[in-house]
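Enquirer: Dropping a structure here in structure tokens format, bear with me for questions.
2 protein chains.
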Amino acid sequence: MTNKVPDRASDAMMRRMPAYYRQLRDLEALGFIDLSSKDLARRMNLTDSQIRHDFNAFGGFGRRGRGYNVALLRRSIGDILDINRPHDVIIIGAGNIGRALAQYKGFPDSGFRLKAIFDSDPELVGKKISGVKVFNISSLSKYLAKSPTDIAIICTPGDKAQALVEPLAAGGIKGIWNFAAMDITAPPQVVVSNVHLTDSLMMLTFRMHEKEVLEENKSWVSSDVESKP
Amino acid sequence: MTNKVPDRASDAMMRRMPAYYRQLRDLEALGFIDLSSKDLARRMNLTDSQIRHDFNAFGGFGRRGRGYNVALLRRSIGDILDINRPHDVIIIGAGNIGRALAQYKGFPDSGFRLKAIFDSDPELVGKKISGVKVFNISSLSKYLAKSPTDIAIICTPGDKAQALVEPLAAGGIKGIWNFAAMDITAPPQVVVSNVHLTDSLMMLTFRMHEKEVLEENKSWVSSDVESKP
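So the sequence lines, in the order shown, correspond to chains A and B.
The first sequence begins at 1 in the numbering used here and counts up one residue at a time.
The second sequence begins at 1001 in the numbering used here and counts up one residue at a time.
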């Protein structure tokens, strides 16, 4: 089975891959062996053909007439997402978000190993959060030189974030997950994900509003029908 | 100008709306008056036609030959996202994530007003976080009965989340933003957004891996070319 990354996976398709992965991991833990695309579709609120289309884009994982093997499919999607191998991670900024992420149990479950936390507050340096040592931010480059690291999670105030990119890139970091309130840019060899928590909240109010509008239209239609002789 | 919600806005399009909104808010603050779809496209790493297509789905906001008025466009997209009016919000669970969200400056900027925090820890009850009072979780229903609230943000441990849905729905909550490590379901009148922080991290490793594969292919191609006589 070859898992090719398609030339141009749609954004929406790629966003579904982690959800497939979680769903399959849960099903595997529950003891499921085989699964039809129909079953998977029902569990994920998608259509049967959407799922087959998504998987075909990666070379297809199905066996004619037998559906999917849950463990194999989980592993294949894990390969695509590249989470079947561990990633070493550091967190920069031990404020509330940094602490929350340091203690987030979902990360170690997906192979993300938190190796160090960095902060500029002398009261925090030397202490441990979630069993992980807090280093002085001034030692970041020295740390990266001797401890190759895949991903840096930036949880500093917005105005401190961009200045971190140069030492992180120079230190061999390949991905930055940025929770600071200001977007950052990085050299081409570093992948950046700027997280916008408000976007998710705006999507929620959009859907709340959409539901309200639909309800209003519905009642308008039914009162219109009722008013007819 | 009518801002209709299209019958079936694509998921990807809807995900772009908050990004448009943020971009336009920034441009408005910088004093921009008019903007071409080309300028907006360049700033957002999208294509010109993608932007026109997105906006046309909502009835179009452009004036022939003059591009977009930044303030009007921001307002129109704000109407679609329903963030031009304030939303009252409560947070349930004052652990690290709950505290981090309580202090997140992006929320008040978008009209999300944190009115109360709930927790079961007697040491926290009565205290204030970010100027907002922490109430005992046992008083949740009483609070909602006298303080109509739009959105509840659940930041409890995973196994406590689902049990909150019934009192929240009965109390008139219309949207739940769930950060607990377990997905919840809610009655049809309540919109739920289950947040999966690991999904975002998996998308990052996917893109890191994709870049790696592309680089490998590139070096393979060039060495192949070089080996030719």
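By construction, the Cβ of each residue, glycine as well, lies at the ideal position given by its N, Cα and C atoms.
Predicted, not measured: the structure shown is a model, and the values here were computed from it.
When burial is assigned at 16 or more other CB atoms within 10 Å of the CB, is A:A102 buried or exposed?
Expert: What you label residue 102 of chain A is simply residue 102 of the first sequence in a count that begins at 1. Result: buried.
Enquirer: Candidates B:F1055, B:D1079, B:N1096: which alpha carbon is nearest B:P1157's?
Expert: Within the second sequence, numbered from 1, the residue matching residue 1157 of chain B stands at position 157. The shortest C-alpha separation from B:P1157 is found at B:N1096.
Enquirer: So B:S1147 contacts chain A; which residues on that side make the cut at Cβ distance below 9 Å?
Expert: Counting from one through the second sequence, the residue named residue 1147 of chain B turns up at place 147. In chain order: nothing, as chain A lies at least about 18 Å away.
Enquirer: By the 10 Å Cβ neighbour count, where 16 or more other Cβ atoms means buried, how is B:G1093 classified, buried or exposed?
Expert: Position 93 of the second sequence, counted from the first residue, corresponds to residue 1093 of chain B. Result: buried.
Enquirer: Let me make sure I understand the geometry here. Which of B:Y1068, B:F1112, B:I1091, B:A1170 has the alpha-carbon closest to that of A:T198?
Expert: Locating residue 198 of chain A in the first sequence gives position 198, where the first residue counts as 1. Of the candidates B:Y1068, B:F1112, B:I1091, B:A1170, the one whose C-alpha sits nearest the C-alpha of A:T198 is B:F1112.
Enquirer: Going by the beta-carbon positions, is the gap between B:V1125 and B:V1134 smaller than 7 Å?
Expert: In the second sequence, counting from the first residue as 1, residue 1125 of chain B sits at position 125. In the second sequence, counting from the first residue as 1, residue 1134 of chain B sits at position 134. In contact: B:V1125 and B:V1134 (Cβ atoms closer than 7 Å).
Enquirer: How is A:I154 classed by DSSP in three states: helix, strand or coil?
Expert: Start at 1 with the first residue of the first sequence, and residue 154 of chain A comes out as number 154. Correct three-state label for A:I154: strand.
Enquirer: Could you give the DSSP three-state label for A:A181: helix, strand or coil?
Expert: Your numbering for residue 181 of chain A matches position 181 in the first sequence. Coil.
Enquirer: If you draw a straight line from the alpha carbon of A:L55 to that of A:I173, how long is it in whole angstroms?
Expert: Within the first sequence, numbered from 1, the residue matching residue 55 of chain A stands at position 55. Within the first sequence, numbered from 1, the residue matching residue 173 of chain A stands at position 173. Here the sequence assigns Phe to residue 55 of chain A, which means Leu is not the residue at that position. Rounded to the nearest angstrom, the two C-alpha atoms are 30 Å apart.
Enquirer: Pick out the complete alpha helix (DSSP H) segments inside the segment 1064–1102 of chain B, 4 residues or longer, and give them in chain order.
Expert: 1070–1081, 1096–1102, all fully within the segment 1064–1102 of chain B.
Enquirer: Taking the alpha carbon of B:A1019 as the reference point, which residue from A:V213, A:D183, A:D109 has its own alpha carbon closest?
Expert: The residue you call residue 1019 of chain B lines up with position 19 of the second sequence. Closest by alpha carbon: A:D183.
Enquirer: Given that B:P1018 touches chain A, what residues does it touch there, using C-beta distances under 9 Å?
Expert: Along the second sequence, one-based indexing puts residue 1018 of chain B at 18. Per Cβ cutoff of 9 Å: H196, T198, D199, S200, L201, M202, M203, F206.
Enquirer: In the DSSP assignment, find the alpha helix (DSSP H) that holds B:N1056 and state where it starts and stops.
Expert: Stepping through the second sequence from its first residue, residue 1056 of chain B is reached at position 56. B:N1056 -> alpha helix (DSSP H) spans 1048–1057.
Enquirer: Compare the C-beta of B:G1059 against all C-beta atoms of chain A and say whether one is closer than 7 Å.
Expert: Along the second sequence, one-based indexing puts residue 1059 of chain B at 59. No, B:G1059 does not count as interfacial toward chain A.
Enquirer: Quick one, are the C-beta atoms of A:F61 and A:Y68 less than 7 Å apart?
Expert: The residue you call residue 61 of chain A lines up with position 61 of the first sequence. The residue you call residue 68 of chain A lines up with position 68 of the first sequence. For A:F61 and A:Y68, yes; Cβs fall inside 7 Å.
Enquirer: Quick one: what does DSSP say A:S141 is sitting in, helix, strand or coil?
Expert: Start at 1 with the first residue of the first sequence, and residue 141 of chain A comes out as number 141. Here A:S141 sits in helix by DSSP.
Enquirer: If you count every other CB in all the chains shown that lies within 10 Å of the CB of B:A1163, and 16 or more means buried, which is it?
Expert: By one-based count along the second sequence, residue 1163 of chain B stands at place 163. Under this definition B:A1163 is an exposed residue.
Enquirer: Taking only beta-carbon atoms, is B:L1114 less than 7 Å away from chain A?
Expert: The residue given as residue 1114 of chain B occupies position 114 in the second sequence. B:L1114 does not count as touching chain A.
Enquirer: Less than 8 Å between the CB atoms is what I'm expecting for A:V89 and A:D150, so what's the real figure, rounded?
Expert: Working through the first sequence from its first residue, we reach residue 89 of chain A at position 89. Working through the first sequence from its first residue, we reach residue 150 of chain A at position 150. With 8 Å as the limit, A:V89 and A:D150 qualify as a contact, their Cβ atoms being about 7 Å apart.
Enquirer: Taking the alpha helix (DSSP H) that B:S1037 belongs to, which residues open and close that run?
Expert: As a position in the second sequence, residue 1037 of chain B is number 37, starting the count at 1. Looking at the DSSP string, the run of the alpha helix (DSSP H) that includes B:S1037 is 1037–1044.
Enquirer: Find out if the Cβ-Cβ distance for the pair A:M202, B:I1051 is shorter than 7 Å.
Expert: As a first step, residue 202 of chain A must be located in the first sequence, where it is residue number 202. As a first step, residue 1051 of chain B must be located in the second sequence, where it is residue number 51. No, Cβ-Cβ distance for A:M202 and B:I1051 is not below 7 Å.
Enquirer: With a CB to CB cut of under 6 Å and the five nearest residues on each side skipped, what residues in its chain are close to B:L1168?
Expert: The residue you call residue 1168 of chain B lines up with position 168 of the second sequence. So the qualifying residues of the chain are A1152.
Enquirer: Once the 5 residues before and after A:S130 are set aside, which same chain residues still bring their CB inside 6 Å of it?
Expert: Indexing the first sequence from 1 puts residue 130 of chain A at position 130. The answer, listed in chain order, is A102, Q103.
Enquirer: Note the first and the last residue of the continuous beta strand (DSSP E) segment covering B:F1135.
Expert: Within the second sequence, residue 1135 of chain B is the residue found at index 135, counting from 1. That run of the beta strand (DSSP E) goes 1132–1136.
Enquirer: So A:K211 packs on B:V1191, CB below 8 Å; how close in whole Å?
Expert: In the first sequence, residue 211 of chain A corresponds to position 211, counting from 1. In the second sequence, residue 1191 of chain B corresponds to position 191, counting from 1. The Cβ separation is near 6 Å, so the contact holds.
Enquirer: Counting C-beta neighbours from all protein chains within 10 Å, is the total for B:R1022 16 or more, i.e. buried, or is it exposed?
Expert: On the second sequence, residue 1022 of chain B is found 22 positions in, with the first residue counted as 1. Buried is the call here.
Enquirer: B:L1197: beta carbon under 6 Å from a heavy atom of the ligand FMN?
Expert: For the structure depicted, the ligand FMN is absent and the ligand set is empty, with no information on it obtainable.
Enquirer: Can you tell me where the alpha helix (DSSP H) with B:A1019 in it begins and where it stops?
Expert: In the second sequence, counting from the first residue as 1, residue 1019 of chain B sits at position 19. Looking at the DSSP string, the run of the alpha helix (DSSP H) that includes B:A1019 is 1011–1029.
Enquirer: Quick check on this structure: which residue in A:S139, A:H87, A:D26, A:G78 has the alpha carbon closest to the alpha carbon of A:F118?
Expert: Sequence index remark: in the first sequence, residue 118 of chain A carries index 118 (1-based). The shortest Cα separation from A:F118 among A:S139, A:H87, A:D26, A:G78 belongs to A:S139.
Enquirer: Note down, in chain order, each residue of its chain lying with its Cβ closer than 6 Å to the Cβ of B:A1145, except the 5 sequence neighbours on either side.
Expert: The residue given as residue 1145 of chain B occupies position 145 in the second sequence. Hits under 6 Å: none found.
Enquirer: List, in chain order, every chain A residue whose beta-carbon is nearer than 7 Å to that of B:R1099.
Expert: Numbered from 1 along the second sequence, position 99 holds the residue referred to as residue 1099 of chain B. In chain order: N96.
Enquirer: Using the C-alpha atoms, what's the distance from A:F32 back to B:K1038?
Expert: The residue labelled residue 1038 of chain B in the question sits at position 38 within the second sequence. The residue labelled residue 32 of chain A in the question sits at position 32 within the first sequence. So the alpha carbons of these two residues sit roughly 50 Å apart.
Enquirer: So A:L124 contacts chain B; which residues on that side make the cut at Cβ distance below 8 Å?
Expert: As a first step, residue 124 of chain A must be located in the first sequence, where it is residue number 124. Correct list: empty, because the minimum Cβ distance to chain B is about 14 Å.
Enquirer: Have a look at B:D1026 and B:A1041 and give me their C-alpha separation to the nearest angstrom.
Expert: Locating residue 1026 of chain B in the second sequence gives position 26, where the first residue counts as 1. Locating residue 1041 of chain B in the second sequence gives position 41, where the first residue counts as 1. C-alpha separation (whole angstroms): 15 Å.
Enquirer: DSSP state of A:A170, grouped into three classes?
Expert: Counting from 1 along the first sequence, the entry for residue 170 of chain A is found at position 170. It is helical.
Enquirer: Counting only beta-carbon atoms, is A:G175 nearer than 7 Å to chain B?
Expert: On the first sequence, residue 175 of chain A is found 175 positions in, with the first residue counted as 1. It does: the Cβ of A:G175 has a partner Cβ on chain B nearer than 7 Å.
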